[in-house]
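Asks:
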Amino acid sequence: MDSPIATSRTRTGISTGLLAVYWLMASEIVIFGGLLVCYLLFRQRNPEWAEFAALTNVHLGALNTFVLLTSSLCVVLAHHAAENKQTDKAFKLLWVTIFGGLIFLCVKSYEYYSKFSHGIDITTNPFWGFYFIATGIHGLHVIAGMVCMAVVSFQAKAGQHLNRVELVGIYWHFVDIVWIFLFPLLYIAK
Amino acid sequence: MLEYFIPRASSYAVDIDNLFSVITWIVGFWFVLTQLAFLYLIVRYQKRSEDQKSIYMTGEGHEKHWIHIPHYIIIVCDVVLIYGAIVVWNQVKINLPEADVKIRVISQQWAWTFVHPGPDGVLDTADDIKTIDELHVEIDKTYHYELESKDVLHDFSVPVFRLKQDAVPGRTITGWFKPTKTGEFDIQCAEMCGIAHGIMVARLYIEDAATHQAWVSNPVPQLPSSQPSNLTISQ
Amino acid sequence: MSDHDHHGPTNFWSKYVFPLDHKVIAMQYLFTGMFMALVGGFMAYAFRMQLAFPGEAVPGFGTVSPQNYNSLITNHGSIMIFWVAMPVLIAALGNFLIPLMIGCDDMVFPRLNRLSYQVFLLSIVVLFASFFVQGGGFGGAWTSYPPLSNNADYNLTPLGAPLWLLAIALEIVAFLLGGINFITTVMNSRAPGMKMYDIPMVIWMIVIACILFMASVGPLIAGSIMLLFDQTIGTKFFTVEGGDPLLWQHLFWFFGHPEVYVVVLPAMGVVIEIICTFSRKKLFGYKGILYTTFATGILSFFVWAHHQFVSGIDPRMANIFSVTTLLISIPIGEMMFAMIATLYGGAIQLKTPMLWALAFIAEFLLGGVTGIYLGASGTDIYFHDTYFVLAHFHYTFFPIAIIGTFAAVYYWFPKMFGRMMDETLGKIHFWGTIISFNCIFIPLFFLGMAGQHRRIYDYRNFPDLNTPEMQDWRIFATISLICLLVFQLPFLYNFFISMFRGEKAPANPWNSNTLEWLAPSPPPHGNFGPNLPDCYRGPYEYSHPDRKDSDYWPQNEPN
């Protein structure tokens with residue numbers, strides 16, 4: 425279906441796609457922010473949660489942080505390539521980013537598995553409740569980002585909708601930043 | 050004004066009622082004035098002929114009269130109301146005068162348990178008087194209530210005291226009242242607590258010293274003077 | 016520009032069932048919202064009949080058990096807010112008006128627009144499912160406080176409770192998706208020449224409402240996930256043992272208070288459009304209203320705990336929230352004064368849309384001032400959870416969701432359907448509705464003052480409330496509700512018959528300035544044809560001294 429004329433107008437000078445991604449990020453920030461504020465309120469009232477937090481694997485968390493940051497770098501390079509109409513390069517870099525997301529998910533899965541095998545799950549106590557909800561919803565956002573990047577990569581390879589590389593990149597940065605908050609709050613703050 | 054709708058039976062009921070009256074006078078004045086002005090404008094500026102012209106106001110300059118002056122007067126009124134609200138709130142909910150008597154109020158799905166100190170006058174001793182759905186208090190004595198819940202949120206509500214306090218499970222919340230008028234009155238649960246929230250009624254007996262002493266020595270469960278008629282739940 | 020679709024969809028499915036056209040999506044939201052209003056109204060009928068004639072079978076429903084009663088009031092409230100007020104005032108009006116009033120051919124993301132309606136429809140399916148599962152529909156009040164709401168042993172609706180919550184979550188997602196379209200379209204797709212202060216006020220209001228909604232709903236989404244998991248898989252966020260029941264209240268009301276502004280702003284926007292058109296006057300203080308609206312929006316985030324004064328929060332917090340709550344009456348008051356001031360020196364025509372717009376002001380004023388008793392912490396100790404609260408919020412919500420909606424429908428019906436509605440039927444509908452409305456809710460103020468508390472299925476159990484005088488008031492209110500419902504029949508008749516047999520409407524029957532009146536009635540696919548309009552001035556240039564022979568000056572005319 426062809427886009428309406430409305431989509432091509434840019435009275436603010438910012439593209440409509442970019443405005444939409446900013447709006448999406450703003451909504452997500454309030455959602456994650458709300459969740460984390462609840463976590464902090466609980467944490468403040470329950471000092472014994474420090475013991476539970478000690479059971480998280482800081483090394484794996486740090487590894488995942490590194491993986492996400494690196495993949496964010498890749499998507500910036502992909503954007504750069506797209507701007508220069510280097511469609512094959514953009515395609516490859518997007519897939520490197522997706523691969524980074526995959527590593528992140530594998531590490532996360534291993535972490536979850538090791539918790540479950542120690543008898544810890546989402547119902548064990550509210551600390552673990554927050555841990556699994558926050559990282560779980562974050563993980564869902566990682567998956568969604570990977571899917572979007574895959575779709576965009578093929579469009580970019582065909583030289584179409586190259587502006588979407590930037591948009592998906594911004595989304596990925598956001599997913600990254602949420603993790604940068606989750607990691608210290610859930611893993612390190614002991 | 051409120052006392053025409055419901056009797057006053059506590060020492061602070063008059064303060065809440067007076068705040069109600071102050072709000073009514075101040076806010077009522079503005080309300081009536083605005084509605085009259087509004088009605089006047091509608092009638093006065095009706096289109097009555099084809100060539101009737103409207104004026105063209107830019108808004109600047111006139112704003113002083115229509116917006117800013119009422120604006121400042123309303124701020125002054127708000128300050129008065131805020132002051133009144135805080136004074137009354139503090140008196141009822143923050144200050145805690147010394148207790149003559151302590152009672153415990155336990156709410157659950159779907160009944161009220163009241164623990165009165167027995168003849169020894171001390172709560173949490175062997176001679177405490179536990180009642181279901183009836184609270185006996187003595188006039189002119191300051192009571193502290195310790196409010197608890199066994200399950201969900203409830204609310205200890207005594208309209209004639211003008212008192213409400215949510216009961217939160219896992220906590221004991223303390224408040225106070227001082228009865229000032231004898232009689233029998235409703236106690237309500239004023240927080241949705243499940244399917245029988247609508248029958249969670251209790252009865253308050255405010256008694257003079259002699260009657261109250263007689264009850265304490267012989268706490269027979271009383272029949273309320275007006276029997277509630279529909280106490281069964283049909284599903 | 017040659018790759019734009021000028022002809023539009025041709026078959027029934029792509030035109031009406033899976034539309035991309037913003038006007039058709041708007042109609043989907045409008046009709047769905049109107050249907051849900053009938054559902055919510057029926058629920059009110061059933062529970063008010065129980066209150067007036069307790070224990071007797073209600074015609075068309077049957078006996079109202081205590082469990083039925085709680086489910087009816089819970090779903091009545093939820094439906095009216097989430098499935099009537101929001102879809103009609105924001106989704107339907109926003110979808111219909113935004114592209115037309117800013118002079119473009121559709122929303123910027125038509126497929127996302129279609130998806131948002133589909134998610135919204137799904138939320139209704141889930142809600143209706145909750146009524147028919149074992150245990151019945153959720154009955155823990157629209158506020159859903161735990162521990163009642165997160166424990167099936169307490170609420171006895173193990174399936175109804177999570178389904179209700181899921182329905183609300185889906186509705187919220189639908190509106191977040193819709194918001195993307197509204198905000199981006201207004202920011203980017205405005206007609207050339209339409210500057211910030213040339214945007215019609217109703218569009219501003221819808222946009223600000225979307226922003227407010229987005230900024231306030233996040234914590235509630237987080238809380239809903241926590242509550243849903245408490246209900247279904249056994250987490251303990253809001254239990255006494257592991258967590259904090261009061262936290263839910265904060266999360267709920269942090270959203271709940273801005274939410275009332277989310278719904279009131281579009282309604283005020285509608286009223287402003289109508290008042291200017293039918294008094295032939297420029298809006299008084301456009302910029303003032305705009306900045307006041309921003310201030311109200313921001314302040315609305317700082318008042319939420321006035322719903323929780325006696326809930327067990329630290330009593331010192333109550334005074335802080337009482338201060339902020341009483342102060343927020345100031346910007347709202349300003350907006351009301353500005354609307355009233357617009358009438359001064361006008362040439363007022365009391366057509367049906369104008370009657371509704373004026374009624375909004377009169378009724379909302381009463382709603383607003385009765386809020387003072389509740390915002391003042393001292394008096395709220397008595398009025399909390401009484402019918403005084405109920406009467407207050409119906410005197411605000413009814414003007415918003417019902418009066419505002421009727422004002423909009425009567426005003427834009429000619430544009431939507433290309434025909435005029437009947438004025439006589441409109442006036443009958445108007446007076447019948449307004450008089451009945453006041454007869455329902457004025458008695459409820461008095462019942463609240465007499466101590467009648469909320470959410471009780473049978474007041475015969477409370478000797479102090481079981482007086483003949485109070486029961487007379489209850490019966491009077493119920494009969495007035497039935498009158499209210501009966502008076503909707505002339506509207507339904509007028510609405511559906513006029514759609515097909517009303518007098519054909521010209522493009523601009525009200526001689527209004529804004530751009531939607533430039534398009535044909537009804538507008539075709541693409542709205543304005545190949546040449547989209549430009550904008551040369553503000554939206555309310557009525558009776559301008561430089562225009563000698565006309566009392567209006569459309570935005571798109573160069574001179």
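Protein chains in written order, with the numbering used here: chain H, 425 to 614; chain E, 50 to 284; chain S, 16 to 574. Ideal Cβ placement from N, Cα and C applies to all residues, glycine included.
Measure the alpha-carbon distance for Ile-181(E) versus His-246(E) and round it to whole angstroms.
Replies: Taking the straight line from one Cα to the other gives about 16 Å.
Asks: What are the boundary residues of the beta strand (DSSP E) that Lys-366(S) is part of?
Replies: It is not in any beta strand (DSSP E) - Lys-366(S) carries neither H nor E in the DSSP assignment.
Asks: Hey, how far is the Cα of Ser-231(S) from the Cα of Met-354(S)?
Replies: Whole-angstrom Cα-Cα distance: 27 Å.
Asks: Exposed or buried, which one is Trp-579(S) when buried takes at least 16 other CB atoms within 10 Å?
Replies: A query on residue 579(S) cannot be resolved here, the shown segment of chain S reaching from 16 to 574 and no further.
Asks: With burial defined as no fewer than 16 other Cβ atoms inside 10 Å of the residue's Cβ, what is the status of Trp-74(E): buried or exposed?
Replies: Trp-74(E) should be labelled exposed.
Asks: Note down the Cα distance separating Ile-287(S) from Val-384(S), rounded to an integer number of angstroms.
Replies: So the two alpha carbons sit approximately 21 Å from each other.
Asks: If Pro-69(S) and Asp-473(S) are in contact, beta carbons under 8 Å, what's the gap, nearest whole angstrom?
Replies: Contact flag correct, Cβ pair sits at about 5 Å.
Asks: Are the region 247 to 255 of chain S and the region 159 to 178 of chain S touching, with three or more C-beta to C-beta distances below 8 Å?
Replies: Because the criterion of three Cβ pairs below 8 Å is met, the region 247 to 255 of chain S and the region 159 to 178 of chain S touch.
Asks: For Pro-240(E), name the three-state secondary structure that DSSP assigns.
Replies: Note that residue 240(E) is Glu in the sequence shown here, rather than Pro. Coil.
Asks: Helix or strand or just coil, what does DSSP make of Pro-330(S)?
Replies: Three-state DSSP puts Pro-330(S) in a helix.
Asks: Using 7 Å as the threshold, is the C-beta distance between Met-116(S) and Ile-218(S) below it?
Replies: Closer than 7 Å, so yes.
Asks: Kindly list, in the order they appear in chain H, the residues whose Cβ is closer than 7 Å to that of Ala-237(S).
Replies: Here the neighbours are Ile-455, Gly-458, Leu-459 and Cys-462.
Asks: Hey, is Thr-394(S)'s beta-carbon within less than 7 Å of any beta-carbon in chain E?
Replies: For Thr-394(S), the answer is yes, since a Cβ of chain E falls inside 7 Å of its Cβ.
Asks: Is the Cβ of Asp-564(S) closer than 7 Å to any Cβ of chain H?
Replies: No, because no Cβ of chain H sits closer than 7 Å to the Cβ of Asp-564(S).
Asks: Figure out for me which residue from Ala-106(S), Trp-28(S) and Gly-23(S) has the closest Cα to the Cα of Ala-416(S).
Replies: When each option's Cα is compared against that of Ala-416(S), the closest is Ala-106(S).
Asks: Are the region 312 to 329 of chain S and the region 386 to 395 of chain S in contact at 8 Å, needing three or more beta carbon pairs?
Replies: Because the criterion of three Cβ pairs below 8 Å is met, the region 312 to 329 of chain S and the region 386 to 395 of chain S touch.
Asks: Checking 7 Å against the spacing of the C-beta atoms, do Ile-155(E) and Glu-197(E) come in under that value?
Replies: Cβ atoms of Ile-155(E) and Glu-197(E): closer than 7 Å.
Asks: Mind pulling the chain H residues with CB within less than 9 Å of Lys-251(S)?
Replies: Simply Thr-547, Asn-549, Pro-550 and Gly-553.
Asks: Looking only at its own chain, which residues have a Cβ that is under 7 Å from the Cβ of Thr-494(H), when we skip the five neighbours before and after it?
Replies: Here the set comprises Gly-524.
Asks: Is the shortest distance between the beta-carbon of Asp-213(S) and the beta-carbons of chain H less than 7 Å?
Replies: Taking Cβ atoms only, chain H never reaches closer than 7 Å to Asp-213(S), which makes this a no.
Asks: For the alpha helix (DSSP H) that contains Tyr-301(S), what are its first and last residues?
Replies: That run of the alpha helix (DSSP H) goes 301 to 314.
Asks: Can you grab the Cα-Cα spacing for the pair Ser-17(S) / Arg-562(S), in whole Å?
Replies: Bear in mind that a pLDDT of 39 at Ser-17(S), under 50, signals an unreliable position, so the number given afterwards is only what the model happens to contain. The straight-line gap from Cα to Cα measures roughly 38 Å.
Asks: Using a Cβ-Cβ cut-off of less than 8 Å, list which residues of the region 63 to 90 of chain S approach chain E; keep chain order.
Replies: Answer in chain order: Pro-69, Gly-70, Thr-78, Ser-80, Pro-81, Gln-82, Tyr-84 and Asn-85.
Asks: Measuring only the C-alpha atoms, how far is Leu-298(S) from Tyr-276(S)?
Replies: Computed Cα separation, rounded: 21 Å.
Asks: Grab me the residues of Thr-12(S)'s own chain with a C-beta within less than 7 Å of its C-beta, minus the 5 sequence neighbours each way, in chain order.
Replies: Nothing can be reported for residue 12(S): it is not among the residues displayed for chain S, which extend from 16 to 574.
Asks: Per DSSP, what are the beta-bridge partners of Asp-204(E) in this structure?
Replies: The partner list for Asp-204(E) (beta bridge, DSSP) reads Asp-215(E).
Asks: Report yes if the CB atom of Gly-150(S) is closer than 7 Å to the CB atom of Gly-175(S), and no otherwise.
Replies: In this structure, Gly-175(S) lies closer than 7 Å to Gly-150(S) by Cβ.
Asks: Which chain S residues are close to Leu-85(E), counting only those with a beta carbon under 7 Å from its beta carbon?
Replies: Within chain S, no residue comes near Leu-85(E); the closest Cβ sits about 11 Å away, beyond 7 Å.
Asks: Should Gly-232(E) be flagged as near chain S, meaning a C-beta pair shorter than 7 Å?
Replies: Not an interface residue.
Asks: Would you mind telling me which residues of chain E sit closer than 8 Å to Arg-331(S), beta carbon to beta carbon, in chain order?
Replies: Those within 8 Å of Arg-331(S) in chain E are Ile-143.
Asks: Have a look at Lys-213(E) and His-444(S) and give me their C-alpha separation to the nearest angstrom.
Replies: Answer to the nearest angstrom: the Cα atoms are 41 Å apart.
Asks: In three-state terms, what does DSSP make of Phe-234(E)?
Replies: Three-state result, Phe-234(E): strand.
Asks: In this structure, how does DSSP classify Gly-92(S) when only helix, strand and coil are distinguished?
Replies: Helix at Gly-92(S).
Asks: Apart from the five residues on each side of it in sequence, which residues of its chain come closer than 7 Å, Cβ to Cβ, to Val-188(S)?
Replies: Around Val-188(S): Val-134.
Asks: So if I threshold CB-CB distances at 8 Å, which residues from the region 283 to 295 of chain S count as touching chain E?
Replies: Of all residues in the region 283 to 295 of chain S, Ser-294 and Arg-295 have a Cβ within less than 8 Å of some Cβ in chain E.
Asks: Could you pull out every unbroken alpha helix (DSSP H) segment of at least 4 residues lying fully inside the region 19 to 56 of chain S, listed in chain order?
Replies: With a minimum length of 4 residues, no continuous alpha helix (DSSP H) run stays inside the region 19 to 56 of chain S.
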